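**Q** Numbering (this note's numbering), first residue to last: 44 to 351.
Glycine is no exception: its CB is placed at the ideal position from the N, C-alpha and C atoms.
All figures in this text were calculated on a predicted structure; none of them were measured in a lab.
1) From 244, 260, 276, 237, pick the residue whose C-alpha is nearest to that of residue 122; which is it?
2) Go ahead and pull the three-state DSSP assignment for residue 60.
3) What are the complete alpha helix (DSSP H) segments, minimum 4 residues, inside the segment 64–135?
4) Quick check on the burial criterion: 16 or more other C-beta atoms within 10 angstroms. Buried or exposed for residue 63?
5) By a C-beta neighbour count over all protein chains shown, 10 Å radius and 16 as the cutoff for buried, is residue 147 buried or exposed?
6) Just the Cα atoms here: how many angstroms apart are residue 84 and residue 215?
7) Taking the continuous alpha helix (DSSP H) assigned at residue 295, which residues delimit it?
8) Residue 65 and residue 102 - do their beta-carbons sit closer together than 8 angstroms?
9) Taking C-alpha atoms, which residue in 319, 302, 92 lies nearest to residue 165?
10) Using CA coordinates, which residue listed in 245, 280, 248, 250 is at the minimum distance from residue 7?
11) With a CB to CB cut of under 8 angstroms and the five nearest residues on each side skipped, what residues in its chain are close to residue 94?
12) Got a sec? Which residues, its chain only, sit under 7 angstroms from residue 249 by beta carbon, not counting five neighbours each side?
13) In the DSSP output, which residue or residues are listed as bridge partners for residue 284?
14) Just verifying my parser: in three-state terms, what is the DSSP assignment at residue 201?
15) Pick out whichever of 114, 99, 204 has its Cα sitting closest to the Cα of residue 244.
16) Taking the alpha helix (DSSP H) that residue 144 belongs to, which residues open and close that run?
17) Among residues of its own chain, excluding the 5 on either side of residue 288, which ones have a beta-carbon nearer than 6 angstroms to its beta-carbon?
18) Just to confirm, are residue 185 and residue 209 a CB contact at a threshold of 8 angstroms?
19) Report the partner residues of residue 242 according to the DSSP bridge assignment.
20) Rounded to the nearest angstrom, what separates residue 180 and residue 109 at their Cα positions?
21) How is the alpha helix (DSSP H) around residue 187 delimited, first residue to last?
22) Return the chain-ordered list of same chain residues with a C-beta closer than 7 angstroms to the C-beta of residue 73, the five sequence neighbours on each side being excluded.
23) Does the beta-carbon of residue 77 have 16 or more other beta-carbons within 10 angstroms, so that it is buried, or is it exposed?
24) If you compare alpha carbons, which of 59, 206, 71 is closest to residue 81?
25) Hey, quick one: how far does the alpha helix (DSSP H) through residue 221 stretch, first residue to last?
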């Protein structure tokens, strides 16, 4: 029995490792903040996932987004907590407290293990909890973190359960997973989804939300008979839900408005004024040309009359 028990006990104040990141100078900031290596590695340990693609460290740590974000791109984030990289896609454009913003969220396909790019998150050691479960794969929306959290599991001693991560309330997981647990709230994108809100031209992070539900995988033990506990079934049991939110403070938001939007507004009206003045000068020039041409024509007629 360990001297202390806590779900995040081993992670409290833990250094997550050394990051080597790009400063973006070689490609006009497109790779700004991109993780080049983590703890000297470009991939996570091969024992965590079953393919090289699944083991790749892609994107940033979520704290930086490159400038000039487009709606058709994927924003990749590497998270040591879920031991993998994940991507976010464009969801909507909206006004965030007076600033134009793009919202990116983790799509349902990111947890779809039937897609070839995600089959590496399945593993031969993954246990079966559901009748409809593909061998080696948890249902979509669930992640088996047992292999990358061995240190945490080791402190639990004998009978340590599998650690399975998901979104809160099993968001993006099949209904059959949620229906096993009574009392869960209905999944909601706003409160249960990972998302980023960015100012697209600067790449400034305006708001971000990290969501995670930690679950234990439960099996009936070999010494527990179905006769003694007839209702006990294998399943994924929620233990704790984590919801972290950050947003830009008022002073920095005002600075964006001051340095970006007011400068743009000033430039716009200056351009309009320049166009108006230019148009006026052109109009005056045309009028002068017309008057000059008319005066010459009238003068020629007068000379012609005198010659007669």
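**A** Quick look at the numbers:
1) The candidate whose alpha carbon is nearest that of residue 122 is 237.
2) coil
3) 95–98
4) exposed
5) By the neighbour-count criterion, in which 16 or more other beta carbons inside 10 Å mark a residue as buried, residue 147 falls on the buried side.
6) 31 angstroms
7) Following the DSSP letters along the chain, one finds residue 295 inside the alpha helix (DSSP H) bounded by residues 293–299.
8) no
9) 92
10) Not covered by the structure: residue 7. The range shown for the chain is 44 to 351.
11) 162, 163
12) 139, 142, 144, 240, 241, 242, 290, 291
13) 256
14) Note that residue 201 scores a pLDDT of 46, beneath 50, so its modelled location is shaky; the value from the coordinates is reported in the next line. Note: residue 201 maps to coil in three-state DSSP.
15) 114
16) Note, residue 144: premise wrong, no alpha helix (DSSP H); beta strand (DSSP E) at 142–148.
17) 252
18) yes
19) 247
20) 34 angstroms
21) Membership of residue 187 in any alpha helix (DSSP H) is not indicated; the residue belongs instead to the beta strand (DSSP E) covering 185–187.
22) The residues 67, 109, in chain order, have a CB closer than 7 angstroms to that of residue 73 in the same chain once the five nearest residues on each side in sequence are set aside.
23) buried
24) 59
25) 218–221
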